[in-house]
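Numbering (UniProt numbering), first residue to last: 1 to 288. Note that the Cβ used here is the ideal one computed from N, Cα and C, for glycine as well. Computed from a predicted structure; not experimentally measured. As structure tokens, the structure follows; a few thoughts come after it.
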């Protein structure tokens with residue numbers, strides 16, 4: 001079990017801020033000869049915003065576990081892991097590191113935010129989560145959306161993540177743009193630096209495209225990024241290195257990861273690593 005320790009459920013005042021939104025957990029020393037310098041595990045839930053936390057007691061924790069089970073059943077039965085992962089990211093991706101605003105606070109449920117072009121199609125994920133919310137009304141939307149992302153990773157072969165709840169719901173839509181798929185490396189750095197993210201974070205986060213596919217009615221693009229869009233692994237980076245492949249998608253933002261020397265070095269790193277095996281190795285050793 002990989003633990004997300006960044007958000008303390010016992011902090012009843014403020015979450016300590018950390019300028020990082022990780023797709024992968026930092027794992028060191030895979031072998032005596034090589035190091036994985038930060039295999040970041042999907043954890044939008046670890047993006048902490050300077051805001052009031054909700055009270056997390058024993059009953060709330062029980063509701064979280066029940067919601068986790070219901071999400072697992074829903075995601076497994078409807079094969080909706082990709083859109084749940086996208087929901088978690090898009091709710092978190094409004095974060096502004098300087099202003100300490102936005103982030104994973106459930107604001108994407110508001111129509112003004114949900115109707116933005118880059119959120120097109122996410123009303124389906126919000127509706128799926130509402131089914132679980134109705135059963136567990138005490139669970140905040142902010143926690144629920146991030147938990148859905150965590151479960152989506154687990155269901156598709158990623159690691160089991162210990163989820164730490166306590167996010168308070170926003171009462172209005174967030175500001176903050178997400179990346180434009182038609183732009184290059186300068187745009188990527190501009191958008192992600194607002195969130196406090198490094199070049200390595202940008203590349204790792206792009207690896208989330210290993211799940212799902214683009215839909216023309218939502219983004220003007222069509223197709224998956226990988227051969228198995230319902231499997232969470234590092235195949236996004238492997239396919240990216242191969243260049244354009246018939247039937248697979250590569251956006252301008254994807255290609256920018258190869259054209260930019262700094263981004264490219266991280267693509268090479270992540271393409272070499274069998275993520276699932278490393279996660280399992282780390283999990284076994286962390287439990288021993």
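Note: residue 213 is bridge-paired with 224 in the DSSP secondary-structure output. Spatial neighbours of residue 239 in its own chain (CB-CB distance under 7 Å, excluding positions within 5 residues in sequence) are listed in chain order as 225, 226, 245 and 248.
Per DSSP, the continuous alpha helix (DSSP H) segment holding residue 75 begins and ends at 58-78. The C-beta distance from residue 149 to residue 251 rounds to 21 Å, too long to meet the 8 Å contact threshold.
Residue pairing by DSSP puts residue 96 in a beta bridge opposite 101. Under DSSP, residue 83 shares a beta bridge with no residue. Setting aside the 5 residues that flank it on each side, residue 130 has no residue in the same chain whose C-beta is closer than 8 Å to its C-beta.
The stretch 128-145 makes contact with the stretch 70-80; the number of CB pairs closer than 8 Å reaches 3 or more. Classified as buried, residue 82 has 16 or more neighbouring CB atoms from the shown chains inside 10 Å of its CB.
The shortest CA-to-CA distance from residue 87 to any of 268, 120 and 265 is the one to 120.
Under the criterion of beta carbons closer than 8 Å, residue 70 and residue 135 qualify as touching, at roughly 6 Å.
Distance check between residue 175 and each of 267, 91, 152 and 169 places 91 closest, using alpha-carbon atoms only. Here the C-alpha atom of residue 116 lies approximately 16 Å from the C-alpha atom of residue 182.
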